[in-house]
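Per the working numbering, residue -1 is the first one in the sequence shown, and the count goes up by one each step.
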Amino acid sequence: MREVFLGLDLGTQGARVVIVDKEGNILSSSEDVFKREPENPTYWWEVARCLLGSSISRLGKDSKILSLAVTSTSGTVVCVDTRGEPVMPALMYNDPRGAEESKILNRHLKELTEKLGYKFNASYALSKILWVKNNLPNIYERIRFFLSPTDFINFKLTGRMGITDHTNALKFGFDLLDYRWQPEIEQLGIDLFRLPEVLAPGEIIGSVRRELLDEFGIDYDIPVLTGLTDGTSGQIASGAVRVGESSTTLGTTLVIKGVTSSLIRDPLGRFYSHLHPEKNRWFPGGSSNVGGECLEKIFPGENYKELDKKITGLIPSPLIIYPLVREGERFPFVNPRARGFVSGSPSSREELYLGYLEGVAYVERLCYETLSEMGVKTNDTIYTVGGGSKSLIWLRIRSSVMNKVLKRPVSATSGMGVAILGA
-1 MREVFLGLDL GTQGARVVIV DKEGNILSSS EDVFKREPEN PTYWWEVARC LLGSSISRLG
59 KDSKILSLAV TSTSGTVVCV DTRGEPVMPA LMYNDPRGAE ESKILNRHLK ELTEKLGYKF
119 NASYALSKIL WVKNNLPNIY ERIRFFLSPT DFINFKLTGR MGITDHTNAL KFGFDLLDYR
179 WQPEIEQLGI DLFRLPEVLA PGEIIGSVRR ELLDEFGIDY DIPVLTGLTD GTSGQIASGA
239 VRVGESSTTL GTTLVIKGVT SSLIRDPLGR FYSHLHPEKN RWFPGGSSNV GGECLEKIFP
299 GENYKELDKK ITGLIPSPLI IYPLVREGER FPFVNPRARG FVSGSPSSRE ELYLGYLEGV
359 AYVERLCYET LSEMGVKTND TIYTVGGGSK SLIWLRIRSS VMNKVLKRPV SATSGMGVAI
419 LGA
C-alpha cells in the first residue's frame, strides 16, 4: 500500500491539489480556476470539493491518504455565523478597507506591535475585522467566527469550526511569543470569542466528514491538519528552511521570506516574522502587492511565452516602472494610497512587457535590501517558486537585477509545502 499526503492550495484565482509521497515527490497535481465570484467562500468550497474528489478518485485503491492540509492567502478574512455560513463576501488580503483601522490598532496595541516587531496595515486581518465592527455593526453581531480561508475549508472538511494555525493567526493579531490573544483587543470592541483557537501547523483538527469520504469513495479516516499561509507553504516547499536561506514566491503577488534563529523586528511595519511550525526558528518576510497580476491586467489574454521570446534582444528596457495595478502597497514600503507608474515611453508592446518584468524584479531587489538593512542575513542563492518563476527570461532578469543565483526547485508549490506537513 502506497502512503500519500494531500495538500490543497486555495489561491487568489483558483485551487490546486497536490499529492506527495513520504520523500516529498509529487505524484500528481491538478487545479481548477475560479470562473466566478472570487470573493465567495461558498464557491471556493464548491471548487475545492470537486477538485479533491477528482484527485482522490485518480489515486486508485493501492494508495492510502495519511493526511490532508490546506494553505491559502494570508490576511483574507471569512466571516461566518453560528452554522459556519458566510454572512458577507470575504475581505481579501489586498482589500484597502481597514487602512484607518490599522492606525487605531497601531496606537492601541503598541505593546504587541513593538514586542513582535511589525505594524498593522490594511492587509492585516485584524484591521479588516475592526473595519467590520465599526462600519457594519449589524453584520458584526451575526458573526460567530472570523476565519482565514484555510480555517473555513477545514471546517467544511471536518465539521470543526473556529480553529486556525499560528501562521494564519499572525495577521489576526495573535501574540506569537505569549501564544495567546491579548485582552487589549477586546477593549477595541472586538470580542475574543469571535477569534479562532490557535494551534501549531500540522496538528490534527479532526477527520474528513463521513459523507465526504463516501463521496470520494474512501473507506478509512483521513486526518485533517492545521495548515499554513501560502507564503510559508511556498517557502517550505522551496527548501529555504535553514538560517540564512531565502525564498521568493512570485505568483499574483511577491512573497519574500528569509530564515533567522531569532525574531527580527521592523519598527516601520514593512515586514513581519512568522513562527516556524516547530517554534524554533523564524521566517521574516513580507508580501508586496506587486507581482504577476500586472501582466494579467496590462496584457490580458496574451501569450506570455511568445512575448518572452520577443524581448530577449531588448534587455534592458529604457523604462522605469513601479508595477502596481491596484491602489496600496505593503512591502517594501507601506502606503495604502500608493499607485503604480510608468516613466518613459515604450516603443512597442514588447518593450512595455519587458519594463513590467524588470519593474517586478527591482521591487524584489528592494524587498531583499530592506530585509538586509534590518539584520536579516541572506546568502547569494534565492530559492524561487510560483507561476512567475516558470518564465526563464524573467528568471534571468531577476538574477541580473539582484546579482543573485536563483534556484527553481523541480517541483515546489504552496500545495506541496502544506502537503509535506504530514509526512
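Beta carbons: idealized from backbone N, C-alpha and C, even for Gly. Because the structure is a prediction, the values reported are computed rather than measured.
CB contact flag (residue i, residue j, <9 Å)
i    : j    : result
R142 : V78  : yes
V2   : L64  : yes
L57  : T165 : no
K154 : R81  : no
M380 : L352 : Looking at the sequence provided, one finds Ile at residue 380 rather than Met. No.
P84  : N38  : yes
I262 : G115 : yes
E356 : I395 : yes
V241 : T230 : no
L211 : L128 : no
S244 : K169 : no
Y354 : I296 : yes
G51  : P221 : no
G157 : M414 : no
Residue i in three-state terms, based on DSSP
i    : result
I254 : strand
L124 : helix
W129 : helix
R268 : coil
A472 : This structure cannot settle anything about residue 472, because the visible part of the chain is limited to -1 through 421.
I54  : helix
S236 : helix
T156 : helix
E327 : strand
A421 : coil
Y351 : helix
I63  : strand
S205 : strand
T230 : helix
F428 : Residue 428 lies beyond the range of the chain shown here (-1 to 421); nothing can be said about it.
Selection from the options that minimises the alpha carbon distance to residue i
i    : options                   : result
V358 : D19, T379 and F329        : F329
L89  : S125, E291 and C365       : S125
P334 : E325, G342 and S341       : E325
F269 : P275, N287, R140 and K277 : N287
E371 : L49, L419, G299 and L266  : L266
Y323 : L66, N92, L49 and I202    : The identity of residue 323 in the sequence shown is Val, whereas the question assumes Tyr. Of the listed residues, the one whose Cα sits closest to V323 is N92.
I151 : S343, G289, I319 and Y41  : Y41
Q480 : V45, T111 and L312        : Because the chain here runs from -1 to 421, residue 480 falls outside it and cannot be looked at.
S188 : V222, L210, F144 and P36  : Note on residue identity: the sequence assigns Ile, not Ser, to residue 188. For the residues V222, L210, F144 and P36, the minimum Cα distance to I188 belongs to F144.
R192 : K20, E139 and R208        : E139
N377 : L293, K277 and K402       : K402
G311 : E21, I391 and P344        : I391
I318 : G420, K117 and S341       : S341
P94  : P344, S345 and E327       : E327
P344 : C365, V374, I313 and A238 : I313
Y366 : F331, F339, G12 and S205  : F331
Local Cβ density within 10 Å of residue i, reported as buried at 16 or more and exposed below that
i     : result
V31   : exposed
R105  : exposed
D217  : exposed
Y177  : exposed
F281  : buried
K307  : exposed
E184  : exposed
I202  : exposed
S315  : buried
M(-1) : exposed
V253  : buried
N119  : buried
V130  : buried
S271  : buried
D7    : buried
L103  : buried
F214  : buried
D436  : The structure shown does not extend to residue 436, since the chain is modelled only from -1 through 421, so no value can be given for it.
D149  : buried
S72   : buried
S100  : buried
E300  : exposed
R14   : buried
V408  : exposed
P298  : exposed
Distance between beta carbons of residue j and residue i, contact taken as under 8 Å
i    : j    : result
G232 : V383 : 5 Å
V75  : A123 : 5 Å
P135 : T162 : Actually they are not in contact, since the Cβ atoms of P135 and T162 sit about 24 Å apart, beyond 8 Å.
D426 : S70  : Since the first residue shown for the chain is -1 and the last is 421, residue 426 is missing from the structure and cannot be characterised.
S389 : R406 : With a Cβ gap of about 10 Å, S389 and R406 do not count as contacting.
G225 : V416 : 5 Å
L107 : L66  : Wrong, their Cβ atoms sit about 34 Å apart, outside the cutoff.
S397 : L404 : 5 Å
L175 : K113 : 6 Å
Min CB distance residue i to chain D below 9 Å
i    : result
T224 : The structure shown contains no chain D, having only a single protein chain.
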